[in-house]
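Have a look at the structure below before the remarks.
Protein chains: 2
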Amino acid sequence: MKDPDIVEVARQSGVPASTLRFYEEKGLVASVGRRGLKRLFDPGIFERLALISLARASGFSLDEIRDMLAADGRPSFDRALLTAKAEELDQTIERLIAMREGLRHAAACPAPSLMECPTFRRMLRLAGAGALEQPPKQTFKAEQVIAPALPAAAPSAGSARRR
Amino acid sequence: MKDPDIVEVARQSGVPASTLRFYEEKGLVASVGRRGLKRLFDPGIFERLALISLARASGFSLDEIRDMLAADGRPSFDRALLTAKAEELDQTIERLIAMREGLRHAAACPAPSLMECPTFRRMLRLAGAGALEQPPKQTFKAEQVIAPALPAAAPSAGSARRR
DNA sequence: CTACGAGTTCAAGCCAACTTGAGGTCAAGA
DNA sequence: TCTTGACCTCAAGTTGGCTTGAACTCGTAG
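Read top to bottom, the protein sequences are chains A and B. Position 115 of the first sequence, counting from 1, maps to 121 under the working numbering, and the rest follow consecutively. Position 35 of the second sequence, counting from 1, maps to 41 under the working numbering, and the rest follow consecutively.
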């Protein structure tokens, strides 16, 4: 099988050519030559890209991935490192679950104002105490459709106070 | 002299003064005056900051938060929006759980090389097919909405997503 | 009155992971 | 041969959420 060129790799892997060049520059992948101007890659590139994608999805940074995927194609997966990352993910998951439950509760809470909901107020307190902050490391943000904004609820009561 | 100045707010809330200024510039909080050069805030600032922190932890962007926390202190929480965000978090959680399990398995897998582990190879295939990617943030533009549509896992094939 | 320290403004910098733009080069088709 | 169009390189831009630096302005202690 002939070595695929960058166009072919991009097409088959779904990874944009610009990203492939970027990855090469970063040392995550290596091209094996040129055909005209076009880079040629070893057919193993596809597996390597899948590995990179998998590692990214697991929260590894490109730098970490480069180190794991040493020069050669075969990953030098350090089990302790994998476990540590799993642990890290676990904490992120816990945090997100708490947030998800909070949101669900808030969406369903019968209290006239969220500020009067004890559950919500408990979360607020936690947030105020910094308990919900994500430990510095990767962030898995979520984003989605923005529903039409409501006109602010009747500005009846004054600002809530506390303390 | 009841209103706390920026130093006091930073101290009590743990939010750096630079962040408070940044938030004010972004319209997330408002100062109510000055004492000398120092900004003064309404005591309600603490609750507001907690609200911001909570929303951030739930995955809302500062812009979204600003819109929810309209001018006055009271959040105009749109239940549909909260539900949507919870749903979004739920998907992120699912994805992270899959990754965590994959990592744990990889760390414990008895196969001589990870590449020979069927479970690992299955994940690799998913990654190669783009099934593990972070869903792209979608704003209000409709149009290219048809894209991902990835059913559970049909290694059936074509690939050309993205862009 | 003067110096000082801590706040202020505005602009720029940072990080990650890419993307975009300007201008260059190459192989192949008319 | 010349043109075309795709890929190339290198630099700079993007996004989000802040932080940092330089230069400035106060109120207050001395």
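All C-beta atoms, glycine included, are put in the ideal place defined by N, C-alpha and C.
| Item | Value |
| --- | --- |
| Please classify residue 44 of chain A: does DSSP put it in a helix, a strand, or coil? | strand |
| Could you confirm whether any beta carbon from chain A is found closer than 8 Å to the beta carbon of residue 98 of chain B? | yes |
| At a CB-CB cut-off below 8 Å, which residues of chain A make contact with residue 59 of chain B? | 133, 134, 136, 138 and 139 |
| Find the residues of chain A that neighbour residue 108 of chain B, judging by a C-beta separation of less than 8 Å, and give them in chain order. | 60 and 64 |
| Thinking C-beta only, is residue 9 of chain A closer than 8 Å to residue 38 of chain A? | yes |
| With a threshold of 8 Å between beta carbons, is residue 89 of chain A in contact with chain B? | yes |
| May I have the straight-line CA-CA distance separating residue 28 of chain B from residue 94 of chain A, to the nearest angstrom? | 30 Å |
| Exposed or buried, which one is residue 59 of chain A when buried takes at least 16 other CB atoms within 10 Å? | buried |
| Using 8 Å as the threshold, is the C-beta distance between residue 130 of chain A and residue 57 of chain B below it? | yes |
| What residues from chain A crowd round residue 240 of chain B, counting only those whose CB sits closer than 7 Å? | A query on residue 240 of chain B cannot be resolved here, the shown segment of chain B reaching from 7 to 169 and no further. |
| With the cut-off set at 8 Å, would you say residue 33 of chain A and residue 72 of chain A are in Cβ contact? | yes |
| Using CA coordinates, which residue listed in B:41, B:113 and B:54 is at the minimum distance from residue 21 of chain B? | B:54 |
| Who pairs with residue 11 of chain B in a beta bridge, going by DSSP? | B:46 |
| Taking Cβ-Cβ distances below 9 Å as the criterion, which residues of the segment 31-54 of chain A are in contact with chain B? | 52 and 53 |
| Can you list, in chain order, the residues of its chain with a C-beta nearer than 6 Å to that of residue 43 of chain B? Leave out the 5 residues immediately preceding and following it. | none |
| Between which residues of its own chain and residue 105 of chain B is the CB-CB distance below 6 Å, once the five residues before and five after are set aside? | none |
| Strictly below 7 Å CB to CB, what residues from chain A border residue 92 of chain B? | 106, 109, 110 and 113 |
| Residue 67 of chain A to residue 107 of chain A, Cα distance in whole Å? | 29 Å |
| For residue 39 of chain A, list the residues DSSP reports as bridge partners. | A:46 |
| May I have the straight-line CA-CA distance separating residue 124 of chain A from residue 64 of chain B, to the nearest angstrom? | 18 Å |
| Quick one: what does DSSP say residue 18 of chain A is sitting in, helix, strand or coil? | helix |
| Around the C-beta of residue 19 of chain A, are 16 or more other C-beta atoms found within 10 angstroms, so that it is buried, or is it exposed? | buried |
| Apart from the five residues on each side of it in sequence, which residues of its chain come closer than 7 Å, Cβ to Cβ, to residue 82 of chain A? | 74 and 76 |
| Spell out whether any CB of chain B is found under 8 Å from the CB atom of residue 68 of chain A. | no |
| Of all the CB atoms in chain B, is at least one closer than 8 Å to the CB of residue 71 of chain A? | no |
| What is the residue span of the alpha helix (DSSP H) that residue 108 of chain B lies within? | 85-114 |
| Would you report the Cα separation of residue 170 of chain A and residue 30 of chain B, rounded to the nearest angstrom? | Lying outside 7 to 169, the shown extent of chain A, residue 170 of chain A is not represented and no answer is given. |
| Just verifying my parser: in three-state terms, what is the DSSP assignment at residue 66 of chain A? | coil |
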